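Following: one structure in structure tokens, then a few remarks.
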Amino acid sequence: MKVAVVGLGYVGSVTAACLASRGHQVWGVDADAAKTEDIRSGRSPVAEPRLGALVARAVAEGSLHATASAAEALDHADVSLVCVGTPSGARGDTDLSYVRRAVADIGAALRAVRPPASGHHSVVIRSTVPPGTVDEVVASALAGLPVATAVAMCPEFLREGSGVADFFGAPFIVAGTADPPAAEAVTRLFSFLDRPVRIVPVRVAEALKYACNAFHATKVSFANEIARLLRVLEVDAREVMSLVCEDQVLNLSAAYLRPGFAFGGSCLPKDLRSLLWLARSNGLDLPLLAGTLATNEIVISDVVERIVACDVAAVALLGLSFKAHTDDLRESPSVELAERLIGKGYQLRIYDPVVHPARLVGANRRYIESKLPHLGRLLTHQPRHALTGADMAVVATSDQAVLGALLAAPPPHLIDLTGRLGPAAEALPGYQGVGW
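The opening position of the sequence shown corresponds to residue 126 in the numbering used here, with each subsequent residue numbered one higher.
What follows is the structure, given as structure tokens:
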């Protein structure tokens, strides 16, 4: 394929050289004469292990070129990859001026050059951009071109210092597009990587890079907060975190990374509070961990506010324990939700497939008696009984009996707290997810 890479900074240079090294005809485009001259001379414009050798070889073999002219790069080109910077604005917003300029240059060039043999040109955004950018900025700027143009978002996951290795060892390749020609172009472009291209909605691909980077930043800050506390407690945080990383069932895994309702139970809230107390006792601030409790509270408050906004009177709460397959009610967010709804005067009926008041003992029993002393009068024995006359169902379980009752007699409003009810429930007219 003939590929135009617009922007020869870190991402663009790595992308251009790696694609050229695998047989594509790549033309890098940049207004900076120093960068294009470096490429033409077989030198890398950026310091990056292995990149200089890739550039030199690709230039010598004639598969990598550089120019300041978008028209030269896009003549007969199948794909253009936008790899320009998206710096922060003064208020923290994303400055899209380079993206707008690159897309405008691509559009102007496509009006003047010969189209590719396929008759389709795909404009693929590699720069990190907020959800909605491809649809609202890129596609609209390319409307009305004489050549059929498709758009896509293909985020990059390159780390400085290991960019070439990251390119060839990508954990996944994601293309956000609703245009089949763009999906086909991205699939062909990266076919040598022996990774399936995941075709997803455009906004999912745009959001993915932000989610990944936020997670990476959170991991760094988490390790540093733990270390800040453990140092004053005379514990080697390096050894602790090394052991943390050995757990690939819960710690380094997909566990707990599914959007849903707040966390609860007898361990997580208690132990977070204990860590924060230890920090305060030693004159330390742990804002990330403090924020974890704060954001957990916001999840519950948000559900209450959404129920209030629906202007309902009777609510069925399906699922009461802090997680499925247990009757442990201690610090369950569903219990907290029930208490708040009762306090606001809602008619509340509750069903839980596991919870039976007569079987609750010890701290579990004492906790629920302090929070919901009349639980026995609120609980029903069947989910359909809880749903009878309910204006809204708030569902914190994926129990099949609950799903069957919801499908048999759908309430006007339904809030899914787990995301595990499945397509049939999600198709109900009043359905809404807690975070989707």
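Cβ coordinates follow ideal geometry from the N, Cα and C atoms, glycine included.
All figures in this text were calculated on a predicted structure; none of them were measured in a lab.
Cβ-based burial, residue i [other Cβ within 10 Å; buried from 16]
{"i": "K160", "result": "buried"}
{"i": "W80", "result": "Only positions 126 to 561 of the chain appear in the structure, and residue 80 is not among them; the question remains open."}
{"i": "E461", "result": "buried"}
{"i": "A230", "result": "In the sequence as presented, Ala is not what sits at residue 230; that position holds Asp. Classification of D230: buried, given that the 10 Å Cβ count is 16 or more."}
{"i": "F340", "result": "exposed"}
{"i": "V486", "result": "exposed"}
{"i": "N489", "result": "buried"}
{"i": "E331", "result": "buried"}
{"i": "D372", "result": "exposed"}
{"i": "A195", "result": "buried"}
{"i": "T343", "result": "exposed"}
{"i": "G444", "result": "buried"}
{"i": "A336", "result": "exposed"}
{"i": "A158", "result": "exposed"}
{"i": "E430", "result": "exposed"}
{"i": "R226", "result": "exposed"}
{"i": "D220", "result": "exposed"}
{"i": "H246", "result": "buried"}
{"i": "S213", "result": "exposed"}
{"i": "A518", "result": "buried"}
{"i": "G560", "result": "exposed"}
{"i": "E364", "result": "exposed"}
{"i": "H149", "result": "buried"}
{"i": "G137", "result": "buried"}
{"i": "G301", "result": "buried"}
{"i": "V433", "result": "exposed"}
{"i": "P384", "result": "exposed"}
Sequence-distant residues of the same chain with beta carbon closer than 6 Å to residue i, five excluded per side
{"i": "G389", "result": "F447, E456, S457 and P458"}
{"i": "G593", "result": "Residue 593 is absent from the model: the chain starts at 126 and stops at 561."}
{"i": "A387", "result": "N421, V424, I425 and P458"}
{"i": "A145", "result": "V151, A183, S188 and L189"}
{"i": "I298", "result": "F315, R320 and V322"}
{"i": "P407", "result": "First, the amino acid is wrong: residue 407 is Asn here, not Pro. Once the five neighbours on either side are set aside, the close Cβ partners of N407 are V357."}
{"i": "P482", "result": "L500 and G501"}
Proximal residues to residue i (C-beta, below 7 Å), its chain only, five neighbours per side dropped
{"i": "D163", "result": "S169 and P170"}
{"i": "A496", "result": "It should be pointed out that residue 496 corresponds to Lys in this sequence rather than to Ala. Only V460 and E464 meet the Cβ criterion."}
{"i": "D291", "result": "F282, L283 and R284"}
{"i": "A156", "result": "A193"}
Start-to-end residues for the beta strand (DSSP E) that takes in residue i
{"i": "H506", "result": "Run containing H506: none; DSSP gives neither H nor E here."}
{"i": "L539", "result": "H538 to D541"}
{"i": "M517", "result": "M517 to V520"}
{"i": "V130", "result": "K127 to V131"}
{"i": "G558", "result": "Y556 to G558"}
Residue interval of the alpha helix (DSSP H) (run including residue i)
{"i": "V424", "result": "P412 to A434"}
{"i": "A158", "result": "A158 to R165"}
{"i": "D396", "result": "L393 to S406"}
{"i": "V527", "result": "Q525 to A533"}
{"i": "T550", "result": "This sequence places Ala at residue 550; Thr is not what is there. Segment P548 to E551, the alpha helix (DSSP H) holding A550."}
Close beta carbons around residue i, own chain, < 8 Å, minus the five adjacent residues each side
{"i": "T417", "result": "L397"}
{"i": "R484", "result": "D452"}
{"i": "D516", "result": "C435, V437, A438, A439, V440, P536, P537 and H538"}
{"i": "L375", "result": "Y381"}
{"i": "Y135", "result": "V171, E173, L283, E285 and G288"}
{"i": "A348", "result": "A362 and M366"}
Interface flag, residue i vs chain D, CB-CB below 9 Å
{"i": "A158", "result": "No chain D appears in this structure, which consists of one protein chain only."}
Every unbroken alpha helix (DSSP H) within the stretch 294-378, with a cutoff of 4 residues, ordered by chain: 305-314, 327-357 and 362-371
Runs of alpha helix (DSSP H) wholly within the stretch 215-303 (minimum 4 residues, chain order): 222-235 and 288-293
field: Any beta strand (DSSP E) of 3 or more consecutive residues that is wholly inside the stretch 139-206
entry: 150-154 and 189-192
- prompt: Would you call the stretch 539-548 and the stretch 465-473 in contact, with 3 or more CB pairs under 8 Å?
  reply: no
- prompt: In chain order, which beta strand (DSSP E) runs of at least 3 residues are fully inside the stretch 431-503?
  reply: 439-443 and 472-476
- request: Decide yes or no for the touch test of the stretch 253-261 against the stretch 271-291: beta carbon pairs closer than 8 Å, at least 3 of them.
  value: yes
query: Is it a yes or a no for the stretch 189-203 touching the stretch 231-243, going by three-plus beta-carbon pairs under 8 Å?
result: yes
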